[in-house]
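What follows is a set of notes on a single structure, which appears directly below.
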Amino acid sequence: MRLAIANIAVFLVLKLLWLTAPDGTVDAIVNLLALPSTPGQLIHTPWAMLTYMFIHIDFWHLVINCLWLAWFGALLSEVAGSRWLLADFLAGGLAGALMFMIVAPMASAGSACLLGSSAAVFAVITATLISAPQKRVTLALIGAFSLRWIAAVGMILFFLASIEMEPSQTAAHLGGIAVGIISSIIWRLHTRRDMETMKNLTRNRLDHLALIDKVNRSGYSSLSRQEQLRLFNLSTGNRSGRVSATRR
């Protein structure tokens, strides 16, 4: 939600300047913050790789991006956390910028510039849909449905919209989608690794408790040689884990 608010705040500031500042002021600011189409131009405004994501001139462009960002951003933050959401947004915007600068010169759009958070939003949307396709959401007048249906409809809409877009714009969006796919795969692998670690820790904890209970009931001599070694390893492992945690 903070990312959407940041986009709205920048839009309002630009509109206020448009109403109060001398003619040409807003155009000069936008030219400094927008992403140019070639690396040669980018050398003069390197910050544009980031700032272009927060610049919207058209009201409806802002509204659509912010609505998608607020909705899917909330879902992704719930699934993977706010840090992952921010990383997806920024990485998607950067990938979109690179794709735009690669395709724009080839598409005879050398004087064009890129504005808006669409590529970054596409990264967030894609990451959400792939990370939690089974997650169900409820919308007024529509009811409950899984995110996989949004993915299917989104693919159709993206294809139809791409027909009307410049190739460089489509390339920027594809850059964001690619980041969303990659980040969701990384998140799944990371989550799977954490789950395996938690399962192992839980299994070891239960084994440790069972062995201690057997010692309390029947004495240490009742343990087999293998059980004694297992108890020793689990006890020393737990002790070293507590020491490490204390030092941190």
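Here the sequence shown is numbered in the numbering used here, starting from 1422 and rising by one per residue.
From the three backbone atoms N, C-alpha and C, an ideal C-beta is built for every residue, glycine too.
*Which residues share a DSSP beta bridge with LEU1456?*
Position 35 of the sequence shown, counted from the start, is the residue given in the question as residue 1456. When beta bridges are read from the DSSP output, LEU1456 appears opposite LEU1535.
*Separation of GLN1649 from ARG1624, as counted between CA atoms*: One-based indexing of the sequence shown puts residue 1624 at position 203. One-based indexing of the sequence shown puts residue 1649 at position 228. Spanning the two alpha carbons is a distance of roughly 17 Å.
*Buried or exposed: THR1549, going by 16 or more other Cβ atoms within 10 Å of its Cβ?*
Here residue 1549 refers to the residue found at position 128 when the sequence shown is read from its first residue. Counting Cβ neighbours within 10 Å, THR1549 comes out buried, since at least 16 surround it.
_Tell me the DSSP secondary structure of ALA1565 in three-state form._
Numbered from its first residue, the sequence shown carries residue 1565 at position 144. Looking at ALA1565 - three-state DSSP - the assignment turns out to be strand.
_With DSSP as the reference, identify every bridge partner of ARG1557, one or two as the case may be._
Along the sequence shown, one-based indexing puts residue 1557 at 136. According to DSSP, ARG1557 bridges with SER1567.
*Beta-carbon spacing of THR1471, HIS1477 below 8 Å*: Position 50 of the sequence shown, counted from the start, is the residue given in the question as residue 1471. Position 56 of the sequence shown, counted from the start, is the residue given in the question as residue 1477. In the sequence under discussion, the amino acid at residue 1471 is Leu, which differs from the Thr named in the question. Cβ distance not < 8 Å, so LEU1471 and HIS1477 don't count as in contact.
*Among LEU1456, SER1604 and PRO1457, nearest to SER1552 - alpha-carbon criterion*: Here residue 1552 refers to the residue found at position 131 of the sequence shown. Ranking LEU1456, SER1604 and PRO1457 by Cα distance to SER1552 puts SER1604 first.
*asked:* Beta-carbon within less than 8 Å of LEU1652's beta-carbon, same chain only, minus the 5 sequence neighbours each way: which residues are those?
replied: Counted from its first residue, the sequence shown places residue 1652 at position 231. Within its own chain, the residues whose Cβ lies closer than 8 Å to the Cβ of LEU1652, once the five positions on either side in sequence are excluded, are HIS1629, LEU1632, ILE1633, VAL1636 and LEU1644, listed in chain order.
*Would DSSP call HIS1465 helix, strand or coil?*
The count along the sequence shown starts at 1 and reaches residue 1465 at position 44. Three-state DSSP puts HIS1465 in coil, outside helix and strand.
*Distance, Cα to Cα, VAL1447 vs LEU1535?*
Residue mapping note: residue 1447 aligns to position 26 of the sequence shown, counting from 1. Residue mapping note: residue 1535 aligns to position 114 of the sequence shown, counting from 1. Answer to the nearest angstrom: the Cα atoms are 16 Å apart.
*Would you mind working out which of TYR1473, LEU1438 and PRO1443 sits nearest ASN1452, comparing C-alpha positions?*
Counted from its first residue, the sequence shown places residue 1452 at position 31. Shortest Cα-Cα distance from ASN1452 to any of TYR1473, LEU1438 and PRO1443 involves TYR1473.
*asked:* Does the structure place the region 1483-1493 close enough to the region 1577-1597 that three or more beta carbon pairs sit under 8 Å?
replied: No, they do not touch.
*What whole-angstrom Cβ distance do ALA1518 and LEU1456 have, given they're in contact under 8 Å?*
As a working mapping, residue 1518 is identified with position 97 in the sequence shown. As a working mapping, residue 1456 is identified with position 35 in the sequence shown. Correct: roughly 5 Å between the Cβ atoms.
*Report buried or exposed for MET1520, applying the criterion of at least 16 other Cβ atoms within 10 angstroms of its Cβ.*
In the sequence shown, counting from the first residue as 1, residue 1520 sits at position 99. Buried, by the Cβ-count rule.
*For PRO1588, which residues of its own chain have a beta-carbon under 7 Å away from its beta-carbon, when the five flanking residues on both sides are left out?*
Residue 1588 sits at position 167 when you count from the first residue of the sequence shown. The residues are VAL1524 and ALA1528.
*At what residues does the alpha helix (DSSP H) containing HIS1477 begin and finish?*
Mapped onto the sequence shown, residue 1477 falls at position 56. No residue range can be given for HIS1477, since it is assigned to no alpha helix (DSSP H) and is classified by DSSP as neither H nor E.
*Thinking just about the alpha-carbon of each residue, which of GLY1461, PHE1432, LEU1438 and ARG1646 is nearest to the one in PRO1526?*
Within the sequence shown, numbered from 1, the residue matching residue 1526 stands at position 105. Distances from the CA of PRO1526 to each of GLY1461, PHE1432, LEU1438 and ARG1646 were compared; the closest alpha carbon is that of GLY1461.
*Given ARG1660, which residues of its chain have a CB within under 7 Å of its CB, disregarding the five upstream and five downstream residues?*
Locating residue 1660 in the sequence shown gives position 239, where the first residue counts as 1. In this prediction, ARG1660 has a pLDDT of 47, which is less than 50 and means its spatial position is unreliable; nothing more can be read from the coordinates.
*Taking the alpha-carbon positions, what's the ALA1512 to ALA1565 distance?*
The residue given as residue 1512 occupies position 91 in the sequence shown. The residue given as residue 1565 occupies position 144 in the sequence shown. Taking the straight line joining both Cα atoms gives about 31 Å.
_Using 8 Å as the threshold, is the C-beta distance between LEU1497 and ASP1479 below it?_
As a position in the sequence shown, residue 1497 is number 76, starting the count at 1. As a position in the sequence shown, residue 1479 is number 58, starting the count at 1. In this structure, ASP1479 does not lie closer than 8 Å to LEU1497 by Cβ.
*Simplified DSSP state of ASP1634, which is helix, strand or coil*: What you label residue 1634 is simply residue 213 of the sequence shown in a count that begins at 1. In the three-state DSSP reduction, ASP1634 falls in the helix class (H, G or I).
*Taking all protein chains shown into account, decide if ALA1599 is buried (16 or more other Cβ within 10 angstroms of its Cβ) or exposed.*
Taking the first residue of the sequence shown as position 1, residue 1599 is located at position 178. Within a 10 Å sphere around the beta-carbon of ALA1599 sit 16 or more other beta-carbons, which makes this residue buried.
*How big is the Cα-Cα spacing for LEU1437 and GLN1555?*
Residue numbering aside, residue 1437 sits at position 16 when the sequence shown is read from its first letter. Residue numbering aside, residue 1555 sits at position 134 when the sequence shown is read from its first letter. In this structure, the CA atom of LEU1437 is about 43 Å from the CA atom of GLN1555.
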